[in-house]
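Numbering (the UniProt record's numbering), first residue to last: 1 to 357.
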Amino acid sequence: MNVLFISRAHPPTIGGIENQNEALVRHLSSLVRCQTIINRHGKKALPLFIPWAVITGLIKIKNADQVLLGDGVAAIVGWFLKSFSNKPVSCILHGLDITWNNSVYQKFWICFFFKKIDYFIAVSHSTKDIAISAGIPAEKISVIPNGVEKSALIPLSKRKLQQRLQINLDNKFTLLSLGRLVERKGVHWFIKNVMVHLPKDIIYLIAGDGPNKDKINSLIKKLHLENNVYLLGEVDNQLKETLFTHSDLFIQANIPIKNDVEGFGITQLEAGLCGLPSISSNLEGIKDAIQENKNGWLVEPLNAEAFISHILEKKALLKKEPQIISNRVAEYCFENFEWPRIAMRYREKITNINPTR
C-alpha cells in the first residue's frame, strides 16, 4: 500500500501535533510505502503551504492508494484532492482542530471541507464525541490514541540536575508539570488552590512557557511560595527526561475552558515511560491516557480537596514501594502506547477505508 501523508504541522516547530505527525510517518513508513507533503515552517507558512500542498498532492496522488491528513486544518487540502480524484482520504482529529472558535474556520472547514473526508481517526474518545457533536457521523470515526517512544537521551544525575536548576531537591517530594502555560492546563489554579495547602517538603517544578507565565509568576510571589514553586521556562529534551526521572509525581490539573480542549494526555505518557506516575484531571482526552492504578490516578477537575488528598496518599504509597509503582507505570505505557503498536493500528484502519463521493 502507498500512503500520501500530508502534515501542515511538523518539526522543527515545537508542539504536540508536530511531534505526533513526525513519529507517525516515521513508524508508518516501516509498514507501508509513504510519500509525504510536509510543512516544516510553522503556522506563518500556511498561506503558502496550502496551495503548494494542493498542487503537489495532485501530482503525488496518482501513485497513492490512500491519503492521510495529519490534522483537521489540512482538510482543505483533502477537499481539493477528493475533488479531482477518487482516492480515499482520512484525517486525524486532535480536538482543537474541531473546536477552534473562528467563524471562517467553523463555516468552511467544519461545515464544508470536512464533508468530503472519507474517514476520521480521533486521538481520544473525547475528541470523537466532539467530532460527533460537530456533525461528523459516528460511523466515520475511529479512535486511535497518540503514541509515545522512550528517548535515547541519558538523563542527568540528580546532583547535576540540582546544580543546573540551582534548587535543592534533597529530602523533597517533587511534583512536576510540563507543557505550554495556557489557562486550560490549570497550573495557576493548582498553585492557588492546592499548593498553598501542601506540606513544605513538597515542591512543584513547572517546565514550559506560554501566555500565562507572568500571571503564574505573580501568583507565586503573592503567595510567598518562592521556596516551593519554581518556574523553569522551556527545557531541552535531555532536561525533560531528567525531570521525568527524578520527580515523584506528574501533575496535569487541567480545568474546563470553552473551545479549548485537551485532545489527549501525551505528556503523561512520556512521563510514564520514565516510570513517573501522574495525578490528572478526569477531563477530555486525558481520560484516554490515564488508566486508574496503572499509570496514574484521575481526579475531578477543580476539586482542590481531591487533589490534596490524592497527592498526600500517593506520597505515602510511593515512599513504601517506589520501584514497584515505577515499573508498573512504565510497563503499562510501553505495552499500550508504544509507537510501533500504534502505527500498526493506523495501517490496519486505513487499509480498509473505501472512497466515497
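Don't be surprised by glycine CBs; every beta carbon is placed ideally from N, CA and C. Bear in mind the structure is a predicted one, so any value in this text is a computation, not a measurement.
Next on the checklist: I need the DSSP call for W297, collapsed to helix, strand or coil.
Outcome noted: Counting from 1 along the sequence shown, the entry for residue 297 is found at position 297. Strand.
Checklist entry - Going by the CB atoms, is the gap between I251 and S326 shorter than 8 Å? => result Mapped onto the sequence shown, residue 326 falls at position 326. Mapped onto the sequence shown, residue 251 falls at position 251. No, the pair does not count as a contact, with Cβ atoms beyond the cut-off.
Next on the checklist: Can you give me the C-alpha to C-alpha distance between N259 and L283, rounded to a whole angstrom?
Outcome noted: As a working mapping, residue 259 is identified with position 259 in the sequence shown. As a working mapping, residue 283 is identified with position 283 in the sequence shown. For N259 and L283, the distance between alpha carbons rounds to 14 Å.
Checklist entry - What is the C-beta distance between P88 and P301, in whole angstroms, given that I count them as a contact (C-beta under 8 Å)? => result Within the sequence shown, residue 88 is the residue found at index 88, counting from 1. Within the sequence shown, residue 301 is the residue found at index 301, counting from 1. Not confirmed; about 38 Å, so no contact.
Checklist entry - Under the three-state reduction of DSSP, which class applies to I14: helix, strand or coil? => result Indexing the sequence shown from 1 puts residue 14 at position 14. I14: coil per DSSP, three-state reduction.
Checklist entry - Looking only at C-alpha atoms, which of F112, F173 and I203 sits nearest to V73? => result Locating residue 73 in the sequence shown gives position 73, where the first residue counts as 1. The shortest C-alpha separation from V73 is found at F112.
Checklist entry - N2 by DSSP, collapsed to three states: which one? => result Stepping through the sequence shown from its first residue, residue 2 is reached at position 2. It is a strand residue.
Checklist entry - Alpha carbon to alpha carbon, how far is L219 from G186? => result The residue given as residue 219 occupies position 219 in the sequence shown. The residue given as residue 186 occupies position 186 in the sequence shown. The alpha-carbon atoms of L219 and G186 are separated by roughly 13 Å.
Item to check | Segments of 4+ residues assigned as alpha helix (DSSP H) that fall wholly inside the UniProt domain "Glycosyl transferase family 1" (168–313) | outcome: 187–193, 213–222, 237–246, 266–273 and 286–289
Checklist entry - When the Cα atoms are used, what is the spatial distance from E234 to I17? => result Within the sequence shown, the letter at position 234 stands for residue 234. Within the sequence shown, the letter at position 17 stands for residue 17. In a straight line, the C-alpha of E234 is about 18 Å away from that of I17.
Checklist entry - How would you label L153, buried or exposed, when you count the other beta carbons within 10 angstroms and need 16 or more for buried? => result For this step, residue 153 is matched to residue 153 along the sequence shown. Per the 10 Å Cβ criterion, exposed.
Next on the checklist: Which residue wins for smallest C-alpha separation from N264, given the options V148, I38 and C91?
Outcome noted: Along the sequence shown, read from residue 1 onward, the residue named residue 264 stands at position 264. Rather than Asn, the amino acid found at residue 264 in this sequence is Phe. Minimum Cα distance to F264 is reached at V148.
Checklist entry - Since S281 and V299 are thought to touch, with beta carbons under 8 Å apart, how far apart are those beta carbons, to the nearest angstrom? => result Counting from 1 along the sequence shown, the entry for residue 281 is found at position 281. Counting from 1 along the sequence shown, the entry for residue 299 is found at position 299. At roughly 6 Å, the Cβ-Cβ gap stays under 8 Å, so S281 and V299 are in contact.
Item to check | Whole-angstrom C-beta distance between A131 and L93, which should lie under 8 Å | outcome: As a working note, residue 93 is residue 93 in the sequence shown. As a working note, residue 131 is residue 131 in the sequence shown. Their Cβ separation, rounded to whole angstroms, is 6 Å, which keeps L93 and A131 in contact under 8 Å.
Checklist entry - From what residue to what residue does the alpha helix (DSSP H) around C111 run? => result As a working note, residue 111 is residue 111 in the sequence shown. First-last for C111: undefined, no H or E at that position.
Item to check | 8 Å CB neighbourhood of G78 in its chain, flanking five on each side removed | outcome: Stepping through the sequence shown from its first residue, residue 78 is reached at position 78. Cβ neighbours of G78 beyond the five flanking positions: I6, V67, L69, V89, C91, F113, K116 and I117.
Checklist entry - Within 7 Å: the Cβ of G78 and any heavy atom of the ligand SAH? => result Among the components modelled here there is no ligand, and therefore nothing to report on the ligand SAH.
Checklist entry - For E139, which option in S157, S126, K222 and F120 has the closest C-alpha, if you only look at C-alpha atoms? => result Position 139 of the sequence shown, counted from the first residue, corresponds to residue 139. For the residues S157, S126, K222 and F120, the minimum Cα distance to E139 belongs to F120.
Next on the checklist: If you reduce the DSSP assignment to three classes, tell me which class R26 lands in.
Outcome noted: On the sequence shown, position 26 is the one that residue 26 refers to. Helix, per DSSP.
Item to check | Inter-residue spacing [alpha-carbon to alpha-carbon] between N293 and L175 | outcome: By one-based count along the sequence shown, residue 293 stands at place 293. By one-based count along the sequence shown, residue 175 stands at place 175. L175 has its alpha-carbon roughly 18 Å from the corresponding atom of N293.
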